[in-house]
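J.: Have a look at the structure that comes next, please.
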Amino acid sequence: MNFDLTPEQDQLRDAVRALGRKYGHGYFVEKAKAGAHTTELWQEAGRLGYLGVNIPTEYGGGGGGITELAIVCEELAAAGCPLLLLVVSPAIAATVINKHGTDEQRKRHLPGLADGSRKIVFAITEPEAGSNFHRLGTVARRDGDDWLLTGRKCYISGVDEAGHVLVVARVAVGDGSAGSADASPQKLKPALFIVPTDAPGLEKSKLDMEILSPENQFLLYLDDVRLPADALVGESLDAGLPALFAGLNPERITVAAMGAGTGRYAIERASAYTATRKVWGGRSIGTHQGVAHPLAHAAVQVELARLMIHKAATLYDAGRDLEAGVAGNMAKYAAGEAAALAVDTAVQALGGAGMTTEYGVATLLGAVRAGRIAPVSREMILNFVAQHVLGQDKSY
Numbered sequence: 001m002n003f004d005l006t007p008e009q010d011q012l013r014d015a016v017r018a019l020g021r022k023y024g025h026g027y028f029v030e031k032a033k034a035g036a037h038t039t040e041l042w043q044e045a046g047r048l049g050y051l052g053v054n055i056p057t058e059y060g061g062g063g064g065g066i067t068e069l070a071i072v073c074e075e076l077a078a079a080g081c082p083l084l085l086l087v088v089s090p091a092i093a094a095t096v097i098n099k100h101g102t103d104e105q106r107k108r109h110l111p112g113l114a115d116g117s118r119k120i121v122f123a124i125t126e127p128e129a130g131s132n133f134h135r136l137g138t139v140a141r142r143d144g145d146d147w148l149l150t151g152r153k154c155y156i157s158g159v160d161e162a163g164h165v166l167v168v169a170r171v172a173v174g175d176g177s178a179g180s181a182d183a184s185p186q187k188l189k190p191a192l193f194i195v196p197t198d199a200p201g202l203e204k205s206k207l208d209m210e211i212l213s214p215e216n217q218f219l220l221y222l223d224d225v226r227l228p229a230d231a232l233v234g235e236s237l238d239a240g241l242p243a244l245f246a247g248l249n250p251e252r253i254t255v256a257a258m259g260a261g262t263g264r265y266a267i268e269r270a271s272a273y274t275a276t277r278k279v280w281g282g283r284s285i286g287t288h289q290g291v292a293h294p295l296a297h298a299a300v301q302v303e304l305a306r307l308m309i310h311k312a313a314t315l316y317d318a319g320r321d322l323e324a325g326v327a328g329n330m331a332k333y334a335a336g337e338a339a340a341l342a343v344d345t346a347v348q349a350l351g352g353a354g355m356t357t358e359y360g361v362a363t364l365l366g367a368v369r370a371g372r373i374a375p376v377s378r379e380m381i382l383n384f385v386a387q388h389v390l391g392q393d394k395s396y
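Residue 69 in UniProt numbering is what sits at position 69 of the sequence shown, and the numbering runs on without skipping anything.
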């Protein structure tokens, strides 16, 4: 059992850390409050090869795996720049297309995903079904050689920044009327479609969120969006289910890495403050156990989450998908809890200063709270662990 990174991974971590600190949390907050995007950081990360570390070299990527992409996510977050689109574009979309797309889809999309010139966001969640793909209401039906997509999606990140959205829909099969919108749910199977964000019939509506982030959330409305046959991910409908699952473990692992990085950032900010802030008797407030112990406890939780993230990424890159699914869910749970604890503890340690923009910790409260909900809630992860690890009957 080896807990050390390879020399190449160490170099990647150091380089991404330097890039993140070049921009810093002030840049992140400035962009978010202005309603702008972190375009400069994204473009520079793309030029340096960090966005495509998990994409094969033949398509312009680094040839690494989710372990490397998790390093990128964590280190940018640890510098105060957590980039949500790292999760949806390189982690989900690039993985799905690389593993289950056609040769033409790989050639068309992966080079741009690798250098950051192309962004593909991900749309599964719906107002009624949530992310339960068994009950999705978005349906694709055949119209000659084309596809027509109809449905609604919600909480879709970064649609205004992306040229394409990877839409999860359901297609009727096996009853002689493939594509019928009124087919029974039992005869519908999932399928993924690469949809241009400017396609006729696709409308977006920005959601107002109480989260300080340069990345926006949207409702999507698909009204008979016409797509060519090659918009379907894979050679046939059989690719749909494995393609969908191919993106879920990378999503959980990279979200967890972003949470762990955010936790590290908050603890570092608070520790620097408490080590130098003096109030009574000339001693720093960090000498008091009532201040130091909560920070130490949060640091332990963040480090435990990092260990599970490393395990999950290692299992995933080794092709051990079932084990990676368990570890990825546990990593996401642990990191979500640890990040929320770390930021809250940092705010408390800084007192009134913790609520100011200047000290840069309260600015992350909304994001880490959302990390306990999305992309899968802590309760659903506990359901998963109870069923698949503890052998309990399914509770939902």
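All residues carry an ideal CB built from backbone N, CA and C; glycine is no exception. Being a predicted model, the structure only gives us computed values, none of them experimental.
Would you say the beta carbon of residue 394 comes nearer than 7 Å to a heavy atom of the ligand SAH?
T.: In the structure on display, the ligand SAH does not appear, and there are no ligands present to speak of.
J.: Expressed to the nearest angstrom, what Euclidean distance is found between the alpha-carbon atoms of residue 107 and residue 371?
T.: Those two C-alpha atoms are separated by around 33 Å.
J.: Do you know whose CA, among 262, 389 and 282, lies nearest residue 322's CA?
T.: Of the listed residues, the one whose Cα sits closest to residue 322 is 389.
J.: How is residue 147 classed by DSSP in three states: helix, strand or coil?
T.: Reduced to three states, the DSSP call for residue 147 is strand.
J.: Among 260, 143, 273 and 16, which has the Cα closest to the Cα of residue 304?
T.: Nearest of 260, 143, 273 and 16 to residue 304, Cα basis: 260.
J.: Quick one: what does DSSP say residue 374 is sitting in, helix, strand or coil?
T.: Coil, per DSSP.
J.: Using a Cβ-Cβ cutoff of less than 8 Å, which residues in the same chain neighbour residue 292 once the five nearest sequence positions on both sides are dropped?
T.: Within the same chain, residue 292 has close Cβ partners 274 and 286.
J.: Quick one: residues in its chain with C-beta nearer than 7 Å to the C-beta of residue 276, no 5 flanking neighbours on either side, listed in chain order?
T.: Same-chain partners within the cutoff: 284.
J.: Curious, which full-length beta strand (DSSP E) runs of at least 3 residues does the region 99-142 contain?
T.: With a minimum length of 3 residues, the continuous beta strand (DSSP E) runs that stay inside the region 99-142 are 120-123.
J.: Please report the straight-line C-alpha distance between residue 318 and residue 66, rounded to a whole angstrom.
T.: If I take the Cα positions, the gap works out to 10 Å.
J.: Taking residue 383 as the reference, give the member of 375, 396 and 212 with the closest Cα.
T.: Out of 375, 396 and 212, 396 has the C-alpha closest to the C-alpha of residue 383.
J.: If we ignore side chains and look at the alpha-carbon of each, how far apart do residue 45 and residue 270 end up?
T.: Each residue's alpha carbon lies about 27 Å from the other.
J.: Rounded to a whole number of angstroms, what is the C-alpha to C-alpha distance between residue 334 and residue 255?
T.: Roughly 11 Å between the two C-alpha positions.
J.: For residue 229, is the classification buried or exposed, using 16 other Cβ atoms within 10 angstroms of its Cβ as the cut-off for buried?
T.: Under this definition residue 229 is an exposed residue.
J.: Keeping to the same chain, check which residues put their C-beta closer than 7 Å to that of residue 210; ignore five residues upstream and five downstream.
T.: For residue 210, where only same-chain residues beyond five positions count, the Cβ hits under 7 Å are 366.
J.: Would you check if the distance between the CB atom of residue 219 and the CB atom of residue 202 is smaller than 8 Å?
T.: Not in contact: residue 219 and residue 202 (Cβ atoms no closer than 8 Å).
J.: Going by DSSP, name the residue or residues bridged to residue 368.
T.: Partner(s): none; residue 368 has no beta bridge.
J.: Given a cut-off of 8 Å on the beta-carbon distance, is the pair residue 397 and residue 173 in contact?
T.: Since the first residue shown for the chain is 1 and the last is 396, residue 397 is missing from the structure and cannot be characterised.
J.: Using 8 Å as the threshold, is the region 17-28 in touch with the region 71-81, meaning 3 or more CB pairs across them?
T.: The region 17-28 is in contact with the region 71-81.
J.: Can you have a look at residue 332 and say buried or exposed, based on whether 16 or more other CB atoms are within 10 angstroms of its CB?
T.: Residue 332 is buried by the Cβ-count criterion.
J.: Would you mind stating whether residue 251 and residue 375 have Cβ atoms separated by less than 8 Å?
T.: Contact flag set, yes.
J.: For a quick check, are the C-beta atoms of residue 37 and residue 233 less than 8 Å apart?
T.: No; because the gap between Cβ atoms is not below 8 Å, this pair is not in contact.
J.: Report yes if the C-beta distance between residue 138 and residue 167 is below 8 Å; otherwise report no.
T.: In contact: residue 138 and residue 167 (Cβ atoms closer than 8 Å).
J.: Locate the beta strand (DSSP E) running through residue 413, then write down its first and last residues.
T.: Because residue 413 is not part of the residues shown, which for the chain are 1 to 396, the question remains open.
J.: Compute the Euclidean distance between the alpha carbons of residue 311 and residue 294, then round it to the nearest angstrom.
T.: Residue 311 and residue 294: Cα-Cα distance of roughly 26 Å.
J.: By Cβ distance, which residues of its chain are closer than 8 Å to residue 48, with the 5 residues on each side in sequence left out?
T.: 15 and 19, listed in sequence order.
J.: Short of 7 Å in beta carbon distance, which residues of its chain neighbour residue 253, apart from the five on each side in sequence? Order them along the chain.
T.: Contacts found: 66, 70, 309, 312, 313, 316, 328 and 331.
J.: Residue 389 lies in the beta strand (DSSP E); which residues open and close that run?
T.: Looking at the DSSP string, residue 389 is not in any beta strand (DSSP E), and its letter there is neither H nor E.
J.: Which runs of the alpha helix (DSSP H) spanning at least 4 residues fall entirely within the region 20-77, listed in chain order?
T.: 39-47, all fully within the region 20-77.
J.: For residue 109, count the other beta carbons within 10 Å of its own beta carbon; 16 or more makes it buried, fewer makes it exposed. Which is it?
T.: So residue 109 counts as buried.
J.: Would DSSP call residue 271 helix, strand or coil?
T.: Looking at residue 271 - three-state DSSP - the assignment turns out to be helix.
J.: Can you list, in chain order, the residues of its chain with a C-beta nearer than 8 Å to that of residue 246? Leave out the 5 residues immediately preceding and following it.
T.: Same-chain partners within the cutoff: 95, 96, 99 and 100.
J.: Tell me the DSSP bridge mates of residue 226?
T.: Bridge partners of residue 226: 148.
J.: By how many angstroms is the C-alpha of residue 114 removed from the C-alpha of residue 12?
T.: One C-alpha to the other measures close to 16 Å.
J.: Do you know how far the Cα of residue 152 is from the Cα of residue 130?
T.: Spanning the two alpha carbons is a distance of roughly 11 Å.
J.: Measure the Cβ-Cβ separation of residue 215 and residue 158 and say whether it is below 8 Å.
T.: Contact flag set, yes.
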